[in-house]
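Below, the structure is given as structure tokens:
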């Protein structure tokens, strides 16, 4: 819905109502800071003394906007697929029966149930876990992007979950989330704007860097009333920021106020979603049970989902052990990530009898990037020529044919299987965006599309080896009888860190190809906690 800008808050009463909450403590938030006024007389005195500062601030922030949009959802690009009247997503069965137990597996282990800090490994960060749609994460304001509940058919769009609607200015300089009055935590306490503000401050101060990246772009947070909160941005014009704030997990202030947010814990944190954790075997098992009186069970974003009464997740450190457990019937679903196993491993009796159904399900959900990532803080990797040479020496075609049964396509983007992959040369709006920074970017970006080296599936061609050696030579490395050395006589030596032992057989041929060029590389496998 589009409405003309009306300069909200141009009378003293409106200004006071926009920032100070009547009949409750008045709170005006700055990042990491709050001023609370609990005495009504103090509220009046403060308003009378400082009206012009407040009015000017709001006028500058909001009255310049040509239009204000209020909607049931938010699309970073284009328009939303689903209208305000939608009842469920197209990819769910709204009449799906509810009940039963689903047994699943996750790869790895966990040493905390707090997924929001840098300390420890939580279940949601282990392999396979997010793909099942049940986790220890708190519900966010909006659903559709982020970790909690990614969309199955629409990129970069979200719909109201805890927030029933979102308002934002045309220049994207602020956003307002209107919360659903019926939203409740599992202990029955209502979810309010105070919980949202608390979540913002807590994650900005003590949260994982992935949250701070977006939250630090907020200039201030205004509680407009118990179910209405506004975020004002430091800069306008960033359409992604509204999407990221919609992903903000809403934490219960009353639960966390007397607990150490940064500490690891095996106590199931208080949530508000369709499941609650009812059993924990540290590092080994989690049991979720469906919340029968879940406040949001009839929302369009939830209808047709979360159908099992009980979800049991077993954690395995080794995928081979997990697969054998699946063959023995110890859990119900197994998401295969090994091409060789997919090609040759499913000949056991349960497949033959039809008790296990092997199926490939095409999708357009953006996939995680898998590759080797170099630590550019190390001097050798800081040189782009060294990184390019190391890329030339990875024989993908041989690896795909010999080890993957030709099941893989090579990634040429950090955003594979999505609409955000850059293909070919920059043109149109992309060219206009990059052009002002042309002197800071590689010239080849504008003249030749990125194409990784290719082989015929055999060895690495001599021409490719010569090109790699030249790049290394230009970067100051010389091939000698003692290997590849720099001007100080130091060898080019590094270690590839793995968390999955199954990758060792895949990368060992790469290690051997590197050694043929005098590069001393090795593999080391650790578990995720390390």
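Residue numbers (UniProt numbering): 1 to 530.
Glycine included, C-beta positions come from ideal geometry on N, C-alpha and C.
All values reported here derive from a predicted model rather than from experimental measurement.
C-beta contact flag for residue i and residue j at 7 Å
i	j	result
residue 250	residue 206	no
residue 202	residue 261	yes
residue 536	residue 389	Residue 536 cannot be examined here, being either before or after the span of the chain that is shown, 1 to 530.
residue 288	residue 311	yes
residue 98	residue 307	yes
residue 309	residue 279	no
residue 122	residue 144	no
residue 239	residue 76	yes
residue 221	residue 197	yes
residue 395	residue 333	no
residue 71	residue 176	no
residue 533	residue 477	Since the first and last residues shown for the chain are 1 and 530, residue 533 lies out of range.
residue 208	residue 266	no
residue 314	residue 285	yes
residue 304	residue 94	yes
residue 457	residue 397	yes
residue 223	residue 74	no
residue 520	residue 489	no
residue 264	residue 112	yes
residue 413	residue 339	no
residue 181	residue 227	yes
Residue range of the beta strand (DSSP E) that includes residue i
i	result
residue 493	493-498
residue 148	That residue, residue 148, is in no beta strand (DSSP E); it is neither H nor E in DSSP.
residue 73	73-75
residue 417	That residue, residue 417, is in no beta strand (DSSP E); it is neither H nor E in DSSP.
residue 524	520-525
residue 174	174-179
residue 480	478-480
Residues sharing a beta bridge with residue i, DSSP
i	result
residue 223	229
residue 275	290
residue 160	142
residue 285	281 and 314
residue 103	312
residue 94	The partner list for residue 94 (beta bridge, DSSP) is empty, contrary to what the question assumes.
residue 218	233
residue 461	According to DSSP, which records beta bridges pairwise, residue 461 is partnered with nothing at all.
residue 209	Paired residues: none, contrary to the question.
residue 249	140
Cβ-based neighbour list, residue i, same chain, cut-off 8 Å, excluding 5 preceding and 5 following
i	result
residue 124	115, 130, 135, 136, 137 and 147
residue 524	495, 496, 497 and 498
residue 434	426, 441, 445 and 446
residue 229	176, 177, 179, 193, 196, 197, 221, 222 and 223
The ligand GTP heavy atom lying under 6 Å from the CB of residue i
i	result
residue 319	As for the ligand GTP, it is missing from this structure, which has no ligand bound.
Run of the alpha helix (DSSP H) containing residue i, from where it starts to where it stops
i	result
residue 188	Counting along the chain, residue 188 falls outside any alpha helix (DSSP H), and DSSP gives it neither H nor E.
residue 387	384-392
residue 78	No alpha helix (DSSP H) contains residue 78, which DSSP labels as neither H nor E.
residue 367	Neither: residue 367 is in no alpha helix (DSSP H) and is coded neither H nor E.
residue 483	Segment 483-485 is the beta strand (DSSP E) holding residue 483; no alpha helix (DSSP H) there.
residue 355	From DSSP, residue 355 is part of no alpha helix (DSSP H); its letter is neither H nor E.
residue 200	193-206
residue 337	Looking at the DSSP string, residue 337 is not in any alpha helix (DSSP H), and its letter there is neither H nor E.
residue 443	That residue, residue 443, is in no alpha helix (DSSP H); it is neither H nor E in DSSP.
residue 508	504-516
residue 430	428-434
residue 490	Looking at the DSSP string, residue 490 is not in any alpha helix (DSSP H), and its letter there is neither H nor E.
residue 119	Per DSSP, residue 119 belongs to no alpha helix (DSSP H) and is neither H nor E.
residue 255	253-256
Residues near residue i in its chain [Cβ-Cβ closer than 6 Å; skip 5 each side]
i	result
residue 479	518
residue 474	385
residue 510	394
residue 425	449
residue 141	162, 163, 177, 246 and 248
residue 522	495
residue 296	302
residue 132	104
residue 56	Its pLDDT being 40, under 50, residue 56 is placed unreliably in this model, and the value from its coordinates should be taken loosely. So no residue of the chain qualifies.
residue 120	111, 112 and 264
residue 342	336
residue 244	214
Neighbour flag for residue i against chain C, beta carbons, 7 Å
i	result
residue 491	Here there is only one protein chain, and chain C is not present.
Close-in-space but distant-in-sequence residues of the same chain around residue i (CB under 7 Å, 5 per side omitted)
i	result
residue 375	381
residue 292	none
residue 199	248, 249, 250 and 251
residue 410	396 and 452
Meets three-Cβ-pair contact criterion under 8 Å: the stretch 227-239 and the stretch 167-184: These segments touch.
Sufficient close CB pairs (3 or more, under 8 Å) joining the stretch 272-284 to the stretch 204-222: No: the two stretches stay apart, fewer than three of their Cβ pairs being nearer than 8 Å.
Segment contact, 8 Å Cβ cut-off, at least three pairs: the stretch 410-418 with the stretch 357-372: At 8 Å Cβ cutoff, the stretches touch.
Touching by the beta-carbon criterion (3+ pairs, under 8 Å), the stretch 97-111 and the stretch 312-330: Taking a cut-off of 8 Å on C-beta distances, the stretch 97-111 touches the stretch 312-330, as three or more cross pairs fall below it.
Touching by the beta-carbon criterion (3+ pairs, under 8 Å), the stretch 452-459 and the stretch 179-189: Touching, no, given that fewer than three Cβ pairs across the two stretches are closer than 8 Å.
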